[in-house]
Amino acid sequence: MAVLKLSLFSNNLPDFFIIDHSGLADIAKIETEQDRRDATFQWTGPSLVTFGGTGMLVRAVAPPGFCLRIATFDDFRIHSKFFTGIIDPQVKAEVIEESTYIIEAAEIDPNQASFRSVKFPDRFIRHRNFELFAEPVVTIDDMQSACFRIAPPLHPEEF
């Protein structure tokens, strides 16, 4: 299977990309080469163009092994979690479960993507105050903040 590298920018704030800020996932403007690296992910699902598949958003640039996980202990904030080195199979399975999403056509713009949690099916990755959370989307503003445009990877590095 081909590696599906991408960057995701906010539909309603098009200059802001999903970025791994040292363990917390936010949306931010890309200002440095490090930002470009931190905003490049791999989708582990089968396709980015066919909605309905499941996968994880995993950091595509070194350091590898980090995924975007729903942190239930932090009000459903999205954290970047190192998962490939987890030795306990039960803990690893839990982290993977909390990091797996269904890629769907966004409610507000069906040509763009939303990421619905598999473990918490009423919650989508969305931004609030420039931070990412897994939350239900009800209002037009919620739907807008859960809509992301798939862009080519901002950083080409392979590992």
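Position in the sequence shown counted from 1, then plus 768, gives you our numbering.
Think of the CB as a built atom: it goes at the ideal place given N, C-alpha and C, for glycine as much as any other residue.
In the displayed model, S913 falls within a helix according to three-state DSSP. Under the three-state reduction of DSSP, I795 is assigned to strand. Inter-residue distance for V826 and R884 is about 16 Å (C-alpha atoms, whole angstroms). Between A807 and I846, the CB-CB gap reaches or exceeds 7 Å.
Within the model, the alpha-carbon separation for M911 versus A796 is close to 19 Å. Bounds of the beta strand (DSSP E) holding R894 are F892 to R896. As a beta-bridge residue in DSSP terms, D788 pairs with A793.
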